[in-house]
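Taken in order, these protein sequences are the chains called A and B. When you line the first sequence up against this note's numbering, it's residues 310 to 793, in that order. When you line the second sequence up against this note's numbering, it's residues 41 to 1028, in that order. For each residue, glycine too, the CB sits at the ideal point set by N, CA and C. Just below is one structure, and these are the notes that go with it.
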Amino acid sequence: CTEGLLDLKNPNLLTTDTYWETKDDVMSAFAATYSLLRDVNGGYWGVRGVELTNGRGDDFFIRNDVKDLYQFSTFTNAPDNGVVTNIFNNCYRGIFRCNQILENIAEIPMSEEERAQLIAEAKFLRGLNYFHLVINFGDVPVRLQTPQSQEEYYAAKSPAEEVWQQVFQDFSEAKAGLPLEYPAEWTGRATRGAALGYLGKAYLYHEDWDKAEAAFSELMQAPYQYDLTADYADNFTAERENNEESVFEIQVQDVGGTNPWDVGSSNEALGVTTAQEFAPAEVAGWFEAYPTDKIFNAFQEEKTPGGDFDKRMYVTLVWDYPGAMYYNRPFSEFKSEFGFQSRFRKYQNWQNDNEGRFISNINERALRFADILLMYAEAVTMQGKPQEAYEPVNRIRQRAGLSVLPAGFGEAQMMAEIQQQRMLEFCREGLRFYDLRRWGLLQEEIMSSDKVGRQFLNVQKHAWFPIPQAELDNNPEMEQNPNW
Amino acid sequence: VSGTVADSSGAPLPGVSVLVKGTQNGASTNADGSFSLQNVAGGATLVFSFIGYQAQEVPVNGREVINVTLQQDLQALDEVVVVGYGTVKKSDLTGAVASVKAEELATEGLNTVAKALQGKVAGVTIESAGGDPGMGTRIMIRGVGSLNNNNPLYLVDGVPVPDINNISPNDIASIEVLKDASAAAIYGSRAANGVVLITTKSGEAGKTQVIFNANAGVQRLAKKIDVLNAQEWASVSNAAHDAAGLPRLEIAEDPALLESGLDWQDEVYRTAPVQNYELSITGGNKGSQYSVSGGYFNQRGLVKVTGYERLNLRVKSETTKGRFRFGETLLLSQESWTKMPGGWGGQGGNPVGSAVKMIPVFDIYDTTAVGGFAGAYGPVLNVANPLAQLHLEDIRNRSTDIVLNFFGEVELLPGLSYKLNLGYNNTHGYDYDYERRYQVGTLFTHQTNDLSEDRSHRRLLMLENTLNFTREFGKHSLQALAGYTMQQNRLRTLWGSAIDLPDGIKVLDAAASNPATGGNLYESALLSMLGRVVYSYDSRYLLTASFRRDGSSRFGDENRYGNFPSIALGWNISNETFFDSFSQAINRLKLRGSYGVLGNQEIGDYLYSAAIASNINYVTGADQHKWFGAIQTAFADPDIKWENSSTFNIGVDLGAWQDKLTFTADYFIKRSTDVLLNVPIPGSTGAVGNPVVNAGIIENRGLEASLGYSGGKGDFNYDVYGTISAINNEVERLGTGTQQIFGGQPTHHGSSTTLTQAGGEVGAFYLVKTDGIFNSEEEVQAHSKNGTLIQPNASPGDIRFVDANGDGSISDEDRVHAGSAFPDFTYGLGFNAQWRNFDLGLFFQGTQGNMIYNGFRQDIDGMNLEINYSKATLNAWTPENHTDFPRAVINDPNYNTRTSDRFLEDGSYLRLKSLQLGYLFPAQALERIGAGSLRVYLSFDNLFTITGYDGYNPDLGRTGSILNRGVDYGHVAYPLARTANLGVQLQF
């Protein structure tokens, strides 16, 4: 009679034996996979992710508060860097969760169309995580199944090329199965356009110019309806989220619990803390990051035909111009701790009085149509067709209030223009360092900037992150990246 | 004939039976120990007898007044030792059992039980949890056998309890520590880390006793960390910025204008009172005995605001009627803590950490700020004002605990009895955390008043059926036990939190926003059969054999049951006839040997099944609503099974000159197999956290000994005692064989310090080695391999690290074995003396040969963060002044502050743990107030510590993972107090 005493099932949680029964289970699994994208510790668009993708750029300064951030931003990081470790792990968490969905979905009752769509969505998310791994770490293990035994915990690196092929395959298959759009209650999930946009981006990073061009040009036509927003600023506020320019967007909102750091609990607030970390001390911020004076000056190189600043400069930065307001105070009331002339306005809640509750509601735009246009321009230019880059580049310029380009740009001239526009258009959007690496300009651009720590840059080494020490410690199959 | 009877201290003994030998003529002494007898012949003999005292026969010799002093019967007190599910005669004991009796604790004015054990029992390591009032201690019996949980099993009057911190030391009759497998095997699966049995005091027949104890004292910080004053800080900070080519901090610009600034440590610490009151009443008659006691203990913390309070009530009684015996123990306690908050985000840590790291130029108060506190501003590290932390966040915990044990026993046949034992333990926990709105400097803002409340209810239910058989046949003596037991544990938690409460209202219902709740339930069960035989032949040859079979819900179907046998042999050499010629000198000599298997199941519940974690939420929809998320996030090993530890033990007990000298020594080999462990798996698996698997073999070999000597002459008596133990720990196998487990994070962001791997010991220090300072650019250039600089970012004044793996660069791959957190040996040394009515007790305790990683120093010796620095930074290397302390440079390009052997220190120490001076008032002086005895004492704890260690306290008391054991995580520690206490012990 007491035998049953020992048969205790976990009353708190479902187990893998009892999960994966219904479509609802799959949908919850997707939430848990998307959730990683804004995770406060390791999410690519959580606060640490934003600091990591931007921190090494010549346009970005991170102060000496969190040692791990300071170290990679000044090229003095070591493999034990906690932030880098978290980003690495978080990508693999996403991959593990996608693989679970892919392995379990076959048996779950639903229509075949639904199933195909959800498989495509899982592949998009997996592809996205592999994309982030390969552009940050290079060679990494490719895991397409969940480990079934202890032995399978340990996987060796695959060459970056193999990772790229997986990225192409996942995004291609995702594109084939994803819908063009979702009903309003599901706004924000990956669409066919998102898969196609990332596929093109991956080809561009891989320098498959023709394939990149094909993907982007497809995306620039019907049935896709993407367009630039009339106002550049609409891309960085909580008001016009998921707008016509948004190809893929990370959804954040102060719903849920009270604490943005309480990851994986009902008490977790689902906003991001980035705006609070970047805001000035005077408005409850931690001033962790500043734009360098290099980017401040770069914005001033070309004025509008009316002699005003580039419209994007007002949206991206705030500085001491007549009437400059920031958090409802004159900008001149703020003190610059490190002597930089401007601060970030982009993605800040600067129209409020302060960043008080740590939590920002502004969705992070992961992939904007502006990026598609400039990547298209780059893909055609790199194939010797700079004339075809005019139209997209001019769209970007005109929205910024700049005049159209004069005719007759050669390849090199057009590339220089694209490089300049990308620098200005995407400041604080985590692309600069990766662009510089693609263009072979890391050394030149960083050394010519006022970036703190530039003297420690060793391009061979710092172009890539090292494999995290914890991964090396716990995975006997793993090897460190070259030069680390 | 009349007279009085007193004990050896002169206190009158009431209830002593006085009988005229060979007659029925007798009487008992009254409350003041006096008696009178009529019709006593001048040549008669009086017999004085009393339980617990040696009977005495006194010839009358025609006297009319006879005053007698009875001696305590030490033999009788020593005779019985509590073991699991019963007692055995000490002379029959075959296992390694250490026993601490009430009288060894009584004189100390101690406030917690665990501290009472420190240094007294060989082979038991007690590491204090620092000075945090009401915090527990880490007790480890015979080293580290598990990587999981090394806590022993605690039983209070037979009821398993999670810790013993809530027990008042004055309620304890004896503490038995079951160290080897033979002694502990009866507890099977929970005994691998040893067993601590606590028996509370019982009443004595015919002796009504009222005892009142009180003590009160003060605590002061035993040691301060030496940091810079404002002026010094500014000069170091400026040097560090200059060296990096970065602008100086505005607040440091003109050091000459700064004075010494604030000493934050002085502001945070206080002289804190501690007080303790206890009253106990015991008594009874032949059939029933009772013991009732109550106490109140209040300790304010050294750190302002913090404190601890404990209320105890205990009732214990036992009744024998014919063949039946009934009894119960009821312990009620309520503990309340006011705790200091942890870090407020950023790297300052708790108020102890902030008090060291906070820059001395900042102020404490700012009446214009919300909340009233000032704080750091400017580009400095996010270190909070420690006083603001203490006052703006209110953290209170309360634990209400009921321990109930009830037994009924019936003698079925002579020598055979059945016992039913019911145990119940119920703990209600309550945690309250209120954080008010504030603006502290520019770095810490909290715009709303927030509240969170947690409640937990833990319940243990235990049912034990045992049959006991005791019989002596001629020279054979047999004691047998068989039992069937069941135990259920249940923990239910409930929490709620919300933000934006109106000022002054501190209930969740008043909150305006973000309400959240949660709760969980954990259950486990254990079903067991057990048996034991204790046999002795002629008190010379001894045998104990025991067996337990446990079934646990914590494992899957296949691995649910475990068997735990043990056998032990003993030989009382001193009872052999051939020994007679030595017995003048050596009255007791016993050899013991045992072997047995124990288990450990102290892992969480349900770990054999992979769970679906929930509330991994995301946001979706045009309306941006919460999207509930759930998925498997971690791995589980469905095949996990019992952790086994087999122990071989050999020991000797010796008593010489009628036990004036006592000596016990044990040697053991404890081998733990299938060690359950969270094996770190690669992050690339995608798992959050690490699965528990049976992954290793760990062996502990150790030698432990205790020696005591009592002597005296005339009015002067003394005893000296000492314990020593040495343990050698080795991991034989781990995980995949090449598995390496790194642990021991020393600072907020620092990398690991310890490595556990096959061939080494648990948590050995593995660190990059330093090799002095580069004194010139030539030396930097010379540190190269194949023409490439090993440390390309180094400049003169930076540290030269050892490229141990020879790959031409410095990285964590260069970590090498750097030392051990295990002492070569630990020891305790005590001395007690009485002269007339004065007594003196001294107790020293220490460790030798262990290393400590000083995490605090890694931060404050760094000069790479914008915090206050250690005094040692004043001696930093400069081109003019070559020292062995690296240069000041704020961006630290050479990574001088990396985790390295630079911060590893010798952790050996010798501490005068306690010193006590007492005075016993003479009996005559007490008669007026009607008291039986009165003793006053003055005691001191932690008077001095001899150590080379730089941190607050070499007795780290870091709880949590065993892999962190030797790592001083200073920024969230609580330093040690030096205490002076005045106490009174009054007995009626």
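- The criterion of a C-beta distance shorter than 8 Å is satisfied by V929/B and A280/B.
- Each of R498/B, N325/B and V120/B was checked against the Cα of E358/B, and the nearest Cα belongs to N325/B.
- Membership of V140/B in the beta strand (DSSP E) is indicated by the continuous run V137 to K141.
- Sequence-distant partners of G748/B (beyond 5 residues in either direction) whose C-beta falls short of 8 Å from its own C-beta, in its chain, are L701, T702, F703, D759, V760, Y761 and G762.
- Separation of G958/B and R436/B (C-alpha to C-alpha, rounded to the nearest whole angstrom) is 37 Å.
- Look at the region 661-682 of chain B: the residues with a C-beta under 9 Å from a C-beta of chain A are G661, A662, D663, Q664, H665, K666, W667, F668, G669, A670, I671, Q672, T673, F675, A676 and D677.
- The closest CA to that of M180/B, considering only A232/B, D197/B, D172/B and P209/B, is found on A232/B.
- In this structure the region 741-760 of chain A does not touch the region 564-580 of chain A; the number of beta carbon pairs closer than 8 Å is below three.
- Looking at the DSSP output, N338/B sits in a beta bridge with Q315/B and E349/B.
- The DSSP assignment places 817-822 as complete runs of the alpha helix (DSSP H) inside the region 798-885 of chain B, in order along the chain (cut-off: 4 residues).
- For T725/B, at least one C-beta of chain A is nearer than 8 Å to its own C-beta.
- When F883/B, L133/B and D47/B are compared, the shortest CA-CA separation from V573/B is found for L133/B.
- It is roughly 36 Å from the alpha-carbon of R1018/B to the alpha-carbon of H486/B.
- Taking 8 Å as the cut-off, the beta carbon of T828/B is found closer than this to the beta carbon of G848/B.
- Proximity of G573/A to chain B, defined by a Cβ-Cβ separation below 8 Å, is satisfied.
- An exposed status is given to Q64/B, since fewer than 16 other beta-carbon atoms sit within 10 Å of its beta-carbon.
- By the C-beta criterion, the region 241-259 of chain B is judged not to be in contact with the region 593-612 of chain B, since fewer than 3 inter-stretch pairs fall below 8 Å.
- Residues of the same chain with a CB within less than 6 Å of the CB of R632/B, apart from the 5 flanking positions on each side, are T134, G610 and G691 in chain order.
- Shown in chain order are the members of the region 470-483 of chain B whose Cβ falls below 7 Å from a Cβ of chain A: T482 and L483.
- DSSP places Y524/B in the uninterrupted beta strand (DSSP E) bounded by H516 to L541.
- Within 7 Å of the CB of D389/A, the CB atoms of chain B belong to S791 and D852, in sequence order along the chain.
- At least one beta carbon of chain A lies nearer than 8 Å to the beta carbon of Q487/B.
- Residue contact check for V581/A against chain B: no CB pair falls below 8 Å.
- Around the Cβ of F984/B, a 10 Å sphere holds fewer than 16 other Cβ atoms; the residue is exposed.
- Under DSSP, F413/B takes part in a beta bridge, and its partners are Y405/B.
- If you draw a straight line from the Cα of L508/A to the Cα of D368/A, it is about 27 Å long.
- Counting only runs that start and end inside the region 269-337 of chain B, the beta strand (DSSP E) elements of at least 3 residues fall at 312-324.
- Cβ-Cβ distances below 7 Å link A675/A to W354, F557, E558 and I559 in the same chain, with the five nearest sequence neighbours on each side left out; the list follows chain order.
- In this structure, A395/B keeps its C-beta atom at 8 Å or more from the C-beta atom of P419/B.
- Of all C-beta pairs linking the region 538-550 of chain B to the region 560-579 of chain B, fewer than three are shorter than 8 Å, placing the two stretches out of contact.
- Contact of N784/A with chain B by beta-carbon distance below 7 Å involves P722 and S724.
- Look at I251/B here: in three-state DSSP terms it is strand.
- Note that the C-beta distance between E522/A and Q722/A is not below 8 Å.
- As computed with DSSP, S765/B is found in a beta bridge with E744/B and T866/B.
- A distance below 8 Å separates the beta carbons of Q374/B and R438/B.
- For T778/B, the C-beta contacts it makes with chain A under 7 Å involve P785, in order along the chain.
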